[in-house]
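See below for the structure under consideration.
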Amino acid sequence: MASRAEEHLNPSLPRLRVFADESALAREGATLFVARIRERILAQGHASVILAGGGSPRLLYVEAGTLFSEWPRTQLEKIFFVPGDERMVGLEDPRSNSRMIRETLFSGGVFPDSSFERIRGESPSPEEEALRYEHVLLDRFKTTGLHVPAFDWAFLGVGEDGHTASLFPGSDPSDEHRRLVLPVPQKGDRLPRISLGYRLLAHAQQIVFLAPGRKKRDILREILVEMKDCPVQKLLTLSFENGHHPEFWIDREADDPSFSRRMLESPVSPDTRG
Numbered sequence: 000m001a002s003r004a005e006e007h008l009n010p011s012l013p014r015l016r017v018f019a020d021e022s023a024l025a026r027e028g029a030t031l032f033v034a035r036i037r038e039r040i041l042a043q044g045h046a047s048v049i050l051a052g053g054g055s056p057r058l059l060y061v062e063a064g065t066l067f068s069e070w071p072r073t074q075l076e077k078i079f080f081v082p083g084d085e086r087m088v089g090l091e092d093p094r095s096n097s098r099m100i101r102e103t104l105f106s107g108g109v110f111p112d113s114s115f116e117r118i119r120g121e122s123p124s125p126e127e128e129a130l131r132y133e134h135v136l137l138d139r140f141k142t143t144g145l146h147v148p149a150f151d152w153a154f155l156g157v158g159e160d161g162h163t164a165s166l167f168p169g170s171d172p173s174d175e176h177r178r179l180v181l182p183v184p185q186k187g188d189r190l191p192r193i194s195l196g197y198r199l200l201a202h203a204q205q206i207v208f209l210a211p212g213r214k215k216r217d218i219l220r221e222i223l224v225e226m227k228d229c230p231v232q233k234l235l236t237l238s239f240e241n242g243h244h245p246e247f248w249i250d251r252e253a254d255d256p257s258f259s260r261r262m263l264e265s266p267v268s269p270d271t272r273g
């Protein structure tokens, strides 16, 4: 663990929150997340959230959905959710991130339809859908291309190759840094996708990388200790430059003593009431 002096000298040390296991991460992490969203609504009257796809957030989304179900609808209407990326498949496809989100976070049916703006994976043109979606976000945040929408919270995953959202190693960084939403072409068995870009993700007030499980330990070591050049590392750098403090939420199976860190303690009983 970093000393206080080390933290003072290096304010960009990653912040780690280590949970006992994946179930604890889901349960306690959902409580923290819902409490933070409550704080944002109290402070500014609304909140906006980017949601990770894949398997890591499923349990957390279920837990968060249960907590949100206790809120009055008038409060739920103040939250705006978007996916961080989407495969070019329809909603009926089990590989759809939007489908997973609807089956977990939104399974209780308490959120209004307007709370979630999905990427249309069934679109025949990823390029056209990426442009459409970018315009939707700019309109929602009442900004232009010169000003980047600033989400309050972003859940993101950590791929075993260091990718996050659908920003993969070896792709075109100039395009990814310029555009807010971009098409990601098919490569081998990897389906074509649409992803939020670095500029948009790096402006989120709070980024939380979800990386539980033993299989995440190696890539976390490469990112946190060896400073591996990969999309997660690039996003960390950009987020730090924007004055933000990204966090990694992991469990004991993913943890390693070698990780440079700022350990975070959870509040005893964060307020999740709507």
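All the letters of the sequence shown, read from the start, carry residue numbers 0 to 273 under numbering that gives the first Met the number 0. Even for Gly, the Cβ is constructed at its ideal location relative to N, Cα and C. These numbers were taken from a predicted model, which means no experiment stands behind them.
Burial state of Gly169, where buried means 16 or more other Cβ atoms lie within 10 Å: Counted from its first residue, the sequence shown places residue 169 at position 170. Exposed, by the Cβ-count rule.
Counted within 10 angstroms of its Cβ, other Cβ atoms place Ser113 as buried (16 or more) or exposed: Within the sequence shown, residue 113 is the residue found at index 114, counting from 1. When all chains shown are included, Ser113 counts as exposed.
Take the Cβ of Asp250 as the centre, count every other Cβ of all protein chains shown within 10 Å, and call the residue buried at 16 or more, exposed below. Counting from 1 along the sequence shown, the entry for residue 250 is found at position 251. Classification of Asp250: buried, given that the 10 Å Cβ count is 16 or more.
Checking 7 Å against the spacing of the C-beta atoms, do Ile193 and Glu116 come in under that value? Here residue 193 refers to the residue found at position 194 when the sequence shown is read from its first residue. Here residue 116 refers to the residue found at position 117 when the sequence shown is read from its first residue. The Cβ atoms of Ile193 and Glu116 lie no closer than 7 Å to each other.
Nearest to Asp217 by alpha carbon, out of Thr65, Ala253, Ala149? Walking along the sequence shown from the start, residue 217 turns up at place 218. A check of alpha carbon separations from Asp217 across Thr65, Ala253, Ala149 identifies Ala253 as the nearest.
Arg178 burial status per 10 Å Cβ neighbour count (16 or more: buried): Taking the sequence shown and counting its residues from 1, the one referred to as residue 178 is at position 179. Buried.
State the CB to CB distance for the pair Glu246 and Val207, rounded to an integer number of angstroms; the pair is presumed to be in contact (CB under 8 Å). Mapped onto the sequence shown, residue 246 falls at position 247. Mapped onto the sequence shown, residue 207 falls at position 208. The pair is a contact, with the Cβ atoms about 5 Å apart (cut-off 8 Å).
By a C-beta neighbour count over all protein chains shown, 10 Å radius and 16 as the cutoff for buried, is His352 buried or exposed? The displayed coordinates of the chain run from 0 to 273. Any statement about residue 352 would go beyond what the structure contains.
Closest by C-alpha distance to Phe150, when choosing among Glu133, Phe239, Phe80, Gly120: As a position in the sequence shown, residue 150 is number 151, starting the count at 1. The residue among Glu133, Phe239, Phe80, Gly120 with its C-alpha nearest the C-alpha of Phe150 is Phe80.
Tell me whether Pro211 sits in a helix, a strand or coil according to DSSP, three-state version. Here the question's residue 211 lines up with position 212 in the sequence shown. Three-state DSSP puts Pro211 in coil, outside helix and strand.
Curious, which full-length beta strand (DSSP E) runs of at least 3 residues does the region 113-175 contain? If you keep only unbroken beta strand (DSSP E) runs of at least 3 residues inside the region 113-175, you get 152-156.
Label Leu41 either buried or exposed according to how many other C-beta atoms from any shown protein chain fall within 10 Å of its C-beta, with 16 as the threshold for buried. Counted from its first residue, the sequence shown places residue 41 at position 42. When all chains shown are included, Leu41 counts as exposed.
Rounded to whole angstroms, what's the CA-CA distance from Leu181 to Arg86? Just pull it up for me. The count along the sequence shown starts at 1 and reaches residue 181 at position 182. The count along the sequence shown starts at 1 and reaches residue 86 at position 87. Rounded to whole angstroms, Leu181 to Arg86 spans 12 Å at the Cα level.
Rounded to the nearest angstrom, what separates Glu38 and Gly187 at their Cα positions? Your numbering for residue 38 matches position 39 in the sequence shown. Your numbering for residue 187 matches position 188 in the sequence shown. Looking at the two C-alpha atoms, the distance is approximately 44 Å.
Do Thr271 and Pro230 come within 7 Å of each other at the CB atom, strictly closer than that value? Sequence index remark: in the sequence shown, residue 230 carries index 231 (1-based). Sequence index remark: in the sequence shown, residue 271 carries index 272 (1-based). It is not a contact, given that the beta carbons lie outside the stated cut-off.
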